[in-house]
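Note that full-length UniProt numbering has the sequence shown beginning at 1, numbered continuously upward. The beta carbon of each residue, even a glycine, is placed where N, CA and C say it ideally should be.
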Amino acid sequence: MKRLTEDETTLWTALFEQSGDAMVVLRQDGSVYRANQRYADMLGYTLEEMKDLYVWDWDTLFSKQELQEMLLNVDNSSEHFDTRHRRKNGTIIDAELSNNGALYKNENLIFCIVRDTTERKSTEERLRRKEELLQRISSQVPGALYQYRMAPDGARSFPFFSEGIAELGGLTQEQLSGTGTDHIMSHVLPEDAANIEANIQKTARSLTYAYSEFRILHTDGSIRWIESRSTPHKEPDGSTIWTGILLDVTQRKMAEERVKTMAITDGLTGINNRLEFNRLLEQEIERSSRYHMPFSLIMYDLDHFKQVNDRFGHNAGDDVLNTVTRLVNDNIRSIDIHGRWGGEEFMVILPQTCLEAARDVAEKLRRAIATYHFNQVGTVTASFGVTEFIPRDDSKLMAQRADDALYRAKSLGRNRVEV
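Below, the structure written as structure tokens:
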């Protein structure tokens, strides 16, 4: 051990008496050479009582044998460790101890500075339990709890993600927490990323409730709809932090899509129903009026369809309607709009198409139906009426002209096209 000089001894003595820390000097046999008042008060003894004690009388973390070995091995290098002390009244306190050895008047002594860490340990334990509780609660919450941080310089990170992110997106907390946002944003569908960024910028300025829906590519390859709800707040350093929850709403979105589809499509054929077709027709009229672009309308009706139902049954009739729908879809463009007007009557909107071209399309459709052999039924024909958009037309006028042309086709023998 290092021998203390006279100056060091004087300095140590002054520090020993005036220090705000609890201090004790031990002999290598574990007895107390000297303790200051603060240490005596910490343990609840008088200074006189301290002189009769050994370190194992108050240290409860280590055994007597362990303490004896530690005392013999102390040198002039400093050591720091946590331990526990028993006070005179039997209560236990947590302590943080720093020590080093020195030779003083030919005697090996161990100089110790001790801090009562009971309150700190208690606080740490409370925080640990709160964190455990938060983890247990968050693990039971559907979806994933999160914190999203945007620093003043624009840097982004996720300080926190609950375990639910694994099920939500197939990602781990380690992949996300405390890192940049590139990893998770790479899973967001590109067409949705701009809306997320716009929402971030908007709520960062207003500090108002943030809500968004977007799609992600799960690590299993599936597309998931995610709903985000969060509340932003400003930190003292100027950062903005959003605290919120992510929910998988894929099933809800699928149900909404089914309801929407049911509302606008014909239940039998799967094409636009009358209500939706009429909306699309009015939309096309508005577009053509604004941009002075032509478009035409075809109405067609299956000839003698009642006889098909009466002779072969309604199931066979439904099969015919579905087959005709498919034949027409196969022979029109992707921009053309096909809808069921009612019963065996159908309509087709032909954008950017003049009357003559529309008549050619109708003739093509007529032949496709007339030359097709329908299972069980055989041959089925259809009559067609064609009209072109005229400025100041509305949907009723166009539909009426197409219906009039269809009536002429029926009157002239059916299985034909009239304009």
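Item, Value
"Range of the contiguous alpha helix (DSSP H) that encloses H373", "H373 -> no alpha helix (DSSP H), and no H or E assigned at all."
"Delimiting residues of the alpha helix (DSSP H) encompassing M254", "T250 to I264"
"Separation of L275 from I285, as counted between CA atoms", "16 Å"
"H187 versus K202, E96, R401 and S222, residue with shortest Cα-Cα distance", "S222"
"Proximal residues to T46 (C-beta, below 8 Å), its chain only, five neighbours per side dropped", "A40"
"Residue closest to F160, alpha-carbon to alpha-carbon, out of T250, Q135 and R408", "Q135"
"Between the CA atoms of Q28 and Y104 - distance to the nearest angstrom", "12 Å"
"Which listed residue (P232, V32 and E167) has its alpha carbon closest to that of I226", "E167"
"Simplified DSSP assignment, three categories, for L412", "coil"
"Separation of R290 from L268, as counted between CA atoms", "35 Å"
"Inter-stretch contact at 8 Å, needing at least 3 Cβ pairs: the segment 349-365 / the segment 322-333", "yes"
"Enclosing beta strand (DSSP E) for G20 [first to last residue]", "Counting along the chain, G20 falls outside any beta strand (DSSP E), and DSSP gives it neither H nor E."
"Exposure label - M254; buried when at least 16 CB within 10 Å", "exposed"
"Contact set for V377: own chain, Cβ-Cβ below 7 Å, skip 5 residues either direction", "V308, F312, A316 and V320"
"Burial state of L127, where buried means 16 or more other Cβ atoms lie within 10 Å", "exposed"
"Reduced DSSP category for G101 - H, G, I as helix; E, B as strand; rest coil", "strand"
"CB contact check: M42 to chain C, cutoff 8 Å", "The structure shown contains no chain C; it is built from a single protein chain."
"K410 to H292 span [Cα, whole Å]", "32 Å"
"Residue nearest to A210 in terms of C-alpha spacing, selected from I245, R224 and M185", "I245"
"Environment of D94 [buried if 16+ CB atoms lie within 10 Å]", "buried"
"CA-to-CA distance, T123 to D52, given in whole angstroms", "34 Å"
"Selection from D394, S157, G101 and G164 that minimises the alpha carbon distance to residue 423", "Summary: the structure shown does not reach residue 423, with the chain confined to residues 1 through 419, and so no result is reported for it."
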